[in-house]
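A short worksheet on the structure shown next.
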Amino acid sequence: MSASTVDPADPVFRLHAGGKLAVASTVPLASREDLSLAYTPGVARVCEAIAAEPALVDDYTWVGHTVAVVTDGSAVLGLGNIGPRAAMPVMEGKAALFKQFADVDAVPICLDTQDVDEIVAVVTALAPSFGGINLEDISAPRCFEVERRLDEALPIPIFHDDQHGTAIVVLAALRNAAALLNRKLGDLRVVVSGAGAAGVAVTRMLVAGGVSPGDMVICDSRGILGPDRTGLTGAKAELAATTNAAGRTGDITVALRDADVLIGVSGGQIPEEAVAGMAPGGIVFALANPTPEVHPEVAARHVAVIATGRSDFPNQINNVLAFPGIFRGALDARATRITDGMKVAAADAIAAVVADSLTVDAIVPSALDPRVAPAVAEAVAEAARRDGVARR
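Numbering that gives the first Met the number 0 applies: residue 0 is where the sequence shown begins, and numbers increase by one.
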């Protein structure tokens, strides 16, 4: 690699040298007795017990506290389809966040295939080694099928963070923004700019949280999803059929006319005049990174509450508020899957952390707030039991 690409003096490259993860033993191996207990002959007794009662694997191996972070490298951050090797630093980082915020051990797995059948086959074959699977940076629409098929095939939680993590934090933030403005979710007209993985998940999550689907308008790069759009398939066809009850047609400017909420998950730029057409006291979540769909300074001229996906502006919609606690709670409950009820419970828990101290610049907790992951974990575990998917 050329010197122009890697600067050894750059603190980013210094931090990443050698990777960000290592494996450490949790038991002593200092004596022959230690070896006889941790390995042969003692380990054979544990193997026999698990063979007779497979559920014991959660108690006597790392499976009960470990997840796989799986990617095919097709949609990494804002970098696009950069492949499995270039995706590894992000997956290592994700694993570090799991450990730091929820004491969940995570293993990055970067697959050298973007074929749905192969991804599903490989992850299914690896699944006995893990208590859950976090799918990461897999592009739409392939990610929908991968998650669905794995969820049907495996008795452990499957979670595509780019979809559901974002959606959960958006619901938490919108709950608090609405409360701050003395509004109810069911009374809001919401526009979602972007109909990819995040846009689909945000729409479904907001509906699960109380927003009326008929009052939601979804836009892709060609405009509003509605009855005039032909040739739509899959998730977009579903959105066109279940949202936009008024049958609006046109572009994002038409969609935003008198809208209460804009949620941007597209990466495309939205003109100021479109935001200016929103109803008074509006809410804008412009979540594209590094360039929000609407710059906060521009949005502030027209709306009351603004959030972005960036850490250098107030109200960062950050997935780290969701996924560590969600997996901690799911693992603690020995959940067989992650239900919509568990996702809504996670959003409610995130919102509750700062519900008593809301301001226009603080509608969600900081990504570093130590209260978040334990609160989310407790709420998710309780919801898993309530939804009948807990084994403990």
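We put the CB at the ideal spot given by N, CA and C, even for glycine.
Keep in mind the model is a prediction, meaning the values are calculated, not measured.
Please name the residue in the options whose C-alpha comes closest to that of residue i.
{"i": "residue 195", "options": "92, 221, 8", "result": "221"}
{"i": "residue 391", "options": "96, 54, 373", "result": "54"}
{"i": "residue 100", "options": "369, 380, 383, 379", "result": "369"}
{"i": "residue 281", "options": "95, 98, 179", "result": "179"}
{"i": "residue 315", "options": "270, 365, 273, 351", "result": "365"}
{"i": "residue 212", "options": "234, 12, 229, 185", "result": "185"}
{"i": "residue 31", "options": "41, 24, 23", "result": "41"}
{"i": "residue 268", "options": "74, 58, 219, 46", "result": "219"}
Please determine whether the Cβ atom of residue i lies at a distance below 6 Å from any heavy atom of the ligand FMN.
{"i": "residue 35", "result": "Among the ligands in the structure shown, none appear at all, so the ligand FMN cannot be discussed."}
Let me know the secondary structure DSSP gives residue i once reduced to three states.
{"i": "residue 365", "result": "coil"}
{"i": "residue 346", "result": "helix"}
{"i": "residue 318", "result": "helix"}
{"i": "residue 75", "result": "strand"}
{"i": "residue 114", "result": "coil"}
{"i": "residue 65", "result": "strand"}
{"i": "residue 39", "result": "coil"}
{"i": "residue 165", "result": "helix"}
{"i": "residue 123", "result": "helix"}
{"i": "residue 6", "result": "coil"}
{"i": "residue 461", "result": "Since the first residue shown for the chain is 0 and the last is 391, residue 461 is missing from the structure and cannot be characterised."}
{"i": "residue 146", "result": "helix"}
{"i": "residue 386", "result": "coil"}
{"i": "residue 52", "result": "coil"}
{"i": "residue 332", "result": "coil"}
Per DSSP, what are the beta-bridge partners of residue i in this structure?
{"i": "residue 159", "result": "134"}
{"i": "residue 261", "result": "190, 283"}
{"i": "residue 70", "result": "109"}
{"i": "residue 338", "result": "Answer is none; residue 338 lacks a bridge partner."}
{"i": "residue 25", "result": "Note: residue 25 sits in no beta bridge, so no partner."}
{"i": "residue 358", "result": "361"}
Is there a C-beta anywhere in chain D that falls below 7 Å from the one on residue i?
{"i": "residue 84", "result": "Checking the listed chains, one finds no chain D in this structure; it contains a single protein chain."}
Check whether the segment 358-369 touches the segment 331-347, taking contact to mean three or more Cβ pairs, one atom from each stretch, closer than 8 Å.
In this structure the segment 358-369 does not lie against the segment 331-347, because fewer than three pairs of beta carbons, one per stretch, are closer than 8 Å.
The segment 128-139 touching the segment 62-74, judged by at least three CB pairs closer than 8 Å:
Yes: the two stretches touch, three or more of their Cβ pairs being nearer than 8 Å.
Could you say if the segment 158-177 and the segment 135-145 meet the contact criterion of at least three C-beta pairs nearer than 8 Å?
Result yes; three or more Cβ-Cβ pairs closer than 8 Å.
Can you give, in chain order, each stretch of the beta strand (DSSP E) that sits fully within the segment 180-252 and has at least 3 residues?
Secondary structure in the segment 180-252: the beta strand (DSSP E) runs of 3 residues or longer, each lying completely within the stretch, are 189-192, 215-219 in chain order.
Pair every Cβ in the segment 373-388 with every Cβ in the segment 336-344, then say whether three or more of these pairs are closer than 8 Å.
Judged by pairs of C-beta atoms under 8 Å, the segment 373-388 touches the segment 336-344, as three or more such pairs exist.
List, from N- to C-terminal side, the alpha helix (DSSP H) runs of 4 residues or more that fit wholly inside the segment 283-314.
Taking only runs of at least 4 residues, the alpha helix (DSSP H) segments lying wholly in the segment 283-314 are 295-298.
Does the segment 302-309 come close enough to the segment 273-293 that 3 or more CB-CB pairs lie under 8 Å?
Under the Cβ criterion (8 Å, minimum of three pairs), the segment 273-293 counts as touching the segment 302-309.
Take every Cβ of the segment 162-176, pair it with every Cβ of the segment 221-230, and state whether three or more of those distances are shorter than 8 Å.
Contact fails: fewer than three Cβ-Cβ distances are below 8 Å.
Do the segment 12-21 and the segment 89-97 meet, that is, are 3 or more Cβ pairs less than 8 Å apart?
Contact between the segment 12-21 and the segment 89-97 is present, because at least three Cβ pairs lie under 8 Å.
For the segment 147-155 against the segment 242-249, are there 3 or more C-beta pairs whose distance is under 8 Å?
When Cβ pairs closer than 8 Å are counted between the two stretches, the segment 147-155 is seen not to touch the segment 242-249, the count staying below three.
I want to know whether the segment 139-152 touches the segment 312-327 - three or more CB-CB distances under 8 Å.
Under the three-pair Cβ rule at 8 Å, the segment 139-152 does not count as touching the segment 312-327.
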